[in-house]
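Asker: Can you keep this structure in mind? I'll have questions shortly.
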Amino acid sequence: MRGGLHYLWTALAILFGTLVLLGYVFEIPALQSIRNLLMQWSVILSAAALLLGLVNMLSVHWNKVGAQEKGWPYSALLLLALLGTFIVGLIFGPDSAILSALFNDVQQPVEASLVALLAVTLTVAAFRLVARRRNASSIVFAVSALVVLLGTGPWLVGGDGSWFQTMGALRAWWSQVWAAGAARGLLLGVALGATVTGLRVLLGSDRPYGD
Amino acid sequence: MTVQDWLTIGIVAGLAAALIVLTVAERRWPTTLRRGAAFEALDSAIERAVEAGERVHLSLGTGSLIGSDCAPALAGATALAKIAEATTLSDRPVVASAGDGALAVLAQDALRGAYARTGAKEHYRATTGRMLGPTPFSYAAALPVILSSEKVSVHLLTGSFGAEGALAADMGERQKAFVLAGSDEIQTQALFFTTAEHALIGEEVFVTGAYLQGSGMQRASLRLQDGVRLALVAAILLGTLLRTLGVL
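Protein chains in written order, with this note's numbering: chain A, -19 to 191; chain B, 3 to 250.
See below:
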């Protein structure tokens, strides 16, 4: 029976994938209606999956609190925050002032602090890269980063001198000719990889949806 | 329909036909994959993790399943299934995470399928496929917990990531884990180059499955990508030459 279901899921994935793809390229009203309907279904299913994901997160942290694993107080705090926010949202609605305050005063500052942490992380990682991987590509990468930094940022002294102008011109040439050319090459590769991955799923060879 | 539409159809149909032909050819003339240092190191790292009773963690990224950024996550799910098949019977089987509910369900499905194929269905736990946080940075903030509490020694990032990917890779490095990271965003690839021990550049994020004992079509798709890339390079060089000569 499992084998039969496996073929059924594969056939459905191929059928729906092909219908959506054809709906994008052929301007046939019936085909485009089917495509829109399938896309709407996928949005609804994705929203339902978000709820499933939250339930999954809840169960992971609930088990952690139950087993008193290392760091369980953080899990308990997460559960309280999750349930508290969920209940507030259910009672007052998603556009309420309380939920907006929770988002603007808690969620946003925490995420902004992580973005700030990123700058420090990258600086440390850049030093680690040069120290650990002393090959040609690492050196080119580090020199490029230095050229872009010096050619972009304001200098403490000599910001209006000829050296700053030269670095600015070097940065522009480096990023607009060499970096842009390389980035386009990488983008072509990524587009090709994404297309072929999609085709493998569409032809039923890759079945990431399981058996 | 415009000429561009017909061109799109022609390219997709042509690539599909070429993929099928190369898959058939793959059975007769198997592809010898290029030696990729990152993928060779990955094989060894997974073996070491299984033997040492440590865990492999695979992240499907912070993209979404229904967006245009789903392709690397689909490739990641295929790699996840292969890794799960290799680690189901170890003390600490692979654990997967995502920043999207649908991707977490996909991870659970891939894991469930792998457990069933290896005859270890009863060992499968739904909590081995997790959603860590619904926003990119909440996902990154939750990662250190899973890395330390699950004793992760192999940290794989194969999905769509933004700037938070740099934090995700760096957290693995701080854990002293083997870190292999790839994304479809080229800015993130640059960040991974700095923060990860092994960064996947360009389309390499899509080929992880092929290097992990991939199917015939996965290996054939590598041959196809190489062929099309060479054709594109030739077309660009020809175009440049013709434009320089004033023909175009």
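Heads up, the beta-carbon is just placed ideally off N, CA and C, and yes, glycines get one too.
Mind checking which residues open and close the beta strand (DSSP E) that includes H41(A)?
Answerer: Counting along the chain, H41(A) falls outside any beta strand (DSSP E), though it belongs to the alpha helix (DSSP H) covering P9 to G46.
Asker: What residues of chain A sit near E205(B), judged by a beta carbon separation below 7 Å?
Answerer: Near E205(B) (Cβ distances below 7 Å), the residues of chain A are G169, V170, L172 and G173.
Asker: Along the chain, where does the alpha helix (DSSP H) that runs through R231(B) open and close?
Answerer: G218 to L247 is the span of the alpha helix (DSSP H), which, as asked, contains R231(B).
Asker: What would DSSP say about G193(A), mapped onto helix, strand or coil?
Answerer: Residue numbering for chain A in the displayed model covers -19 to 191; residue 193(A) lies beyond these limits and cannot be assessed.
Asker: Is it buried or exposed for H125(B), if we count other Cβ within 10 angstroms and need 16 for buried?
Answerer: With fewer than 16 Cβ atoms within 10 Å of its Cβ, H125(B) is classed as exposed.
Asker: Suppose the cutoff is 6 Å on Cβ atoms and the five residues either side in sequence are ignored; what does the same chain contact list for G184(A) look like?
Answerer: Cβ neighbours of G184(A) beyond the five flanking positions: T(-10) and I(-6).
Asker: Just to confirm, are Q177(B) and L202(B) a CB contact at a threshold of 8 Å?
Answerer: No; because the gap between Cβ atoms is not below 8 Å, this pair is not in contact.
Asker: Just mark A92(A) as buried or exposed, buried being the case when its beta carbon has 16 or more other beta carbons within 10 Å.
Answerer: It counts as exposed.
Asker: Tell me the rounded alpha-carbon separation between L(-1)(A) and P9(A).
Answerer: Computed Cα separation, rounded: 13 Å.
Asker: In chain order, what are the residue ranges of uninterrupted beta strand (DSSP E) at least 3 long that sit wholly in the segment 18 to 102 of chain B?
Answerer: Complete beta strand (DSSP E) runs here, min 3: 57 to 63 and 97 to 100.
Asker: Measure the CB-CB distance between L169(B) and L98(A) and report whether it falls below 8 Å.
Answerer: Yes, they are a contact pair.
Asker: So, do the segment 9 to 29 of chain B and the segment 104 to 119 of chain B have three or more beta carbon pairs nearer to each other than 8 Å?
Answerer: As far as the Cβ criterion goes, the segment 9 to 29 of chain B does not touch the segment 104 to 119 of chain B, which means the pair count is below three.
Asker: Under three-state DSSP, which class holds M173(B)?
Answerer: It is helical.
Asker: How would you label G216(B), buried or exposed, when you count the other beta carbons within 10 angstroms and need 16 or more for buried?
Answerer: Buried.
Asker: Could you list which residues in chain A have their beta carbon closer than 9 Å to that of R132(B), in chain order?
Answerer: The contacting residues are G33, N36, M37 and V40.
Asker: Mind checking which residues open and close the alpha helix (DSSP H) that includes M147(A)?
Answerer: That run of the alpha helix (DSSP H) goes S142 to W153.
Asker: Considering T160(B), what are the terminal residues of the alpha helix (DSSP H) in which it resides?
Answerer: Segment V154 to S162 is the beta strand (DSSP E) holding T160(B); no alpha helix (DSSP H) there.
Asker: By the criterion of Cβ-Cβ separation under 7 Å, what are the contact partners of D45(B) in chain A?
Answerer: Simply none; closest approach about 20 Å.
Asker: Measure the alpha-carbon distance for A222(B) versus L35(B) and round it to whole angstroms.
Answerer: Rounded to whole angstroms, A222(B) to L35(B) spans 10 Å at the Cα level.
Asker: Kindly identify the DSSP beta-bridge partner or partners of M3(B).
Answerer: BP columns for M3(B) are empty, so no partner.
Asker: Determine the contact status of I44(B) and L224(B), defining contact as a CB-CB distance below 8 Å.
Answerer: The question names Ile, yet the displayed sequence has Leu at residue 44(B). Taking 8 Å as the Cβ cut-off, L44(B) and L224(B) do not qualify as a contacting pair.
Asker: Count the other CB atoms within 10 Å of the CB of I85(B); is the residue buried (16 or more) or exposed (fewer)?
Answerer: Buried.
Asker: State the start and end residues of the unbroken beta strand (DSSP E) segment that holds L182(B).
Answerer: Where L182(B) is concerned, the enclosing beta strand (DSSP E) stretches over F180 to G184.
Asker: If we ignore side chains and look at the alpha-carbon of each, how far apart do A109(B) and D102(B) end up?
Answerer: Answer to the nearest angstrom: the Cα atoms are 11 Å apart.
Asker: Taking Cβ-Cβ distances shorter than 7 Å, what residues in chain B pair up with F121(A)?
Answerer: Ordered by position in chain B, the residues that pass the 7 Å Cβ test against F121(A) are F195.
Asker: Establish whether the CB of S162(B) and some CB of chain A are separated by less than 8 Å.
Answerer: False, the Cβ-Cβ gap to chain A never drops below 8 Å.
Asker: Does G211(B) come out as helix, strand or coil in the three-state DSSP assignment?
Answerer: Of the three classes helix, strand and coil, the one that applies to G211(B) here is helix, per DSSP.
Asker: 8 Å is my cut-off, CB to CB: does A201(B) come that close to chain A?
Answerer: Not closer than 8 Å to any Cβ of chain A, the Cβ of A201(B) fails to qualify, so no.
Asker: In whole angstroms, give me the CA-to-CA distance for A171(B) and F6(A).
Answerer: For A171(B) and F6(A), the distance between alpha carbons rounds to 42 Å.
Asker: Please compile the residues from chain B whose C-beta is within a distance smaller than 8 Å of the C-beta of V127(A).
Answerer: None at all; the shortest Cβ gap to chain B is about 14 Å.
Asker: Can you find a C-beta in chain A that's less than 8 Å from the C-beta of P95(B)?
Answerer: For P95(B), the answer is no, since every Cβ of chain A falls outside 8 Å of its Cβ.
Asker: Would you kindly work out how many angstroms separate the C-alpha atoms of N84(A) and A77(A), rounded to a whole number?
Answerer: Those two C-alpha atoms are separated by around 10 Å.
Asker: Can you tell me whether R187(A) is helix, strand or coil according to DSSP?
Answerer: Reduced to three states, the DSSP call for R187(A) is coil.
Asker: Just the Cα atoms here: how many angstroms apart are L1(A) and G12(B)?
Answerer: Each residue's alpha carbon lies about 13 Å from the other.
Asker: Would you please state the rounded distance, in angstroms, between the beta carbons of A98(B) and T130(B)? I believe it to be under 8 Å.
Answerer: Confirmed, Cβ separation roughly 7 Å.
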